Structure formats: C-alpha cells, structure tokens
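Each remark here refers to the structure printed beneath this line.
Residue numbers (our numbering): 1 to 218.
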C-alpha cells in the first residue's frame with residue numbers, strides 16, 4: 001500500500017470520531033485478532049490519483065483504546081462499517097450540491113481535507129435545538145477542490161430515529177450538508193437551493209452559468 005493510501009482524510013485534533021486516525025503497525029498488533037484489512041472509499045484525493053482509505057478494525061480499536069474510550073473488540077465489526085457508510089453518505093450529499101457546477105471538466109471534484117469540530121456548533125444546529133431537536137453528535141468541515149476552486153462544506157451529523165422503537169436495533173443517521181458562506185460561490189449555491197426548494201424556482205441554464213438546477217436537497 002502506498003504512503004498516500006496509508007493516510008486517512010480526517011483531521012482528528014478535535015474529532016469525536018478520532019478512531020479513524022491511522023496508527024503504526026505496533027498499535028495495530030495490540031488490537032489482537034481484529035481485521036487489519038482496509039476499505040478504499042469512493043472519495044478521490046485532491047493530491048493524488050488514488051482515493052482516501054478507511055481504517056481497519058484494528059486501527060479503529062487501537063485509536064479508541066488510546067483515547068480511553070473503553071472500546072469492545074466485538075463491536076468493531078459493526079462500528080467500522082457504520083462509520084464508513086456515514087462518510088460515504090456525506091460525500092454523496094456533497095456531490096449532489098456539486099452536480100452541474102463544472103467539476104466534471106477536470107475529472108470531478110476531489111476531497112482536500114476534512115476536520116472534526118464536535119465542540120463548535122453551527123448557528124443552524126443551535127436553531128434546531130431551540131426548536132426541540134437533538135443536537136448533532138458531530139460536525140465536520142470538508143474542503144473540496146472543484147477545478148482549482150476550494151469549497152468548504154459544513155456537515156452536521158444527527159442520530160436518526162429508530163423505526164422499531166428498540167434502541168440500537170436499526171441505527172440511522174441524518175446529515176445536514178451545505179456549502180459554507182466563505183465566498184460568493186457558496187452564498188450563491190445556498191440562495192439557489194433555497195429558491196428551488198421553498199419557492200419552486202429553478203434557474204435556467206441561460207440565467208445561471210453554474211448550472212445549479214438539478215441538485216438534490218440535503
């Protein structure tokens with residue numbers, strides 16, 4: 001495996017899911033019989049021709065143990081796939097925002113980095129809590145490269161409701177994904193999404209060179 005593939009995209013300085021941090025081979029051995037195989041994500045890297053790679057069960061366990069989270073080895077076969085699936089969903093939502101905005105002209109948008117900010121609640125998440133909703137259990141900021149244009153996306157991760165009423169029987173998640181107001185492009189994308197979703201207005205190709213129509217809601 002190349003050195004590029006040995007890296008994980010998450011910045012774990014404050015992430016609540018810091019168990020994704022790549023660890024040394026010595027740390028991996030400490031996890032015992034857990035799998036050391038890793039899954040290649042569908043998320044392309046901005047600095048390489050490869051995709052980001054998720055951690056193995058052993059790496060996940062070792063990182064949680066190092067952070068004194070008291071992990072249980074038998075839970076890794078469930079936790080790791082769930083974590084990977086949630087990140088795949090986040091990327092899918094970003095692609096929905098990016099659809100038709102020119103990224104395909106240079107091979108598609110790519111992920112530059114993403115950073116966990118679980119202690120920095122967004123104004124949108126705060127507003128939801130005022131309405132009685134549960135607070136997100138994590139927040140990430142993902143930076144993508146669209147043909148040289150850096151776009152930051154804010155992702156709030158929420159736990160979904162159980163359809164059976166039994167805790168832990170059918171885990172579900174809700175992701176609130178949207179571009180940040182860092183530049184004019186981000187503001188324009190948010191305004192266009194608001195109009196198309198709530199006011200049933202979809203800009204035509206003649207009125208918007210970015211081709212905002214056709215993107216999916218988050």
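Note that the Cβ used here is the ideal one computed from N, Cα and C, for glycine as well.
Quantities reported herein were computed from a predicted structural model and do not represent experimental measurements.
- Contact between the stretch 137 to 153 and the stretch 91 to 108 is present: three or more C-beta pairs spanning the two stretches fall below 8 Å.
- Here DSSP, grouped into helix, strand and coil, assigns residue 39 to coil.
- Residue pairing of residue 153 in beta bridges, as defined by DSSP: 142, 179.
- Straight through space, the alpha carbons of residue 56 and residue 98 are spaced by roughly 30 Å.
- Counting every other CB atom within 10 Å of its CB across the protein chains shown gives residue 131 a total below 16, marking it as exposed.
- Pairing residue 180 with residue 153 gives a Cβ-Cβ distance under 8 Å.
- For residue 51 and residue 133, the gap between their C-alpha atoms comes out near 35 Å.
- Looking at the DSSP output, residue 116 shares a beta bridge with 140.
- Contact fails between the stretch 105 to 116 and the stretch 182 to 200, because fewer than three Cβ pairs, one in each stretch, are under 8 Å apart.
- A direct Cα-to-Cα measurement between residue 142 and residue 124 gives close to 17 Å.
- Per DSSP, residue 84 is not a residue of any beta strand (DSSP E); the alpha helix (DSSP H) it occupies stretches across 76 to 98.
- Exclusion of the five residues before and after residue 136 leaves 125, 156, 157, 158 as the residues of its chain whose Cβ lies within less than 6 Å of its Cβ.
- Taken through DSSP and simplified to helix, strand or coil, residue 134 comes out as coil.
- Ranked by Cα distance from residue 75, the first of 33, 92, 122 is 33.
- Annotation for residue 53: the continuous beta strand (DSSP E) segment containing it runs 51 to 53.
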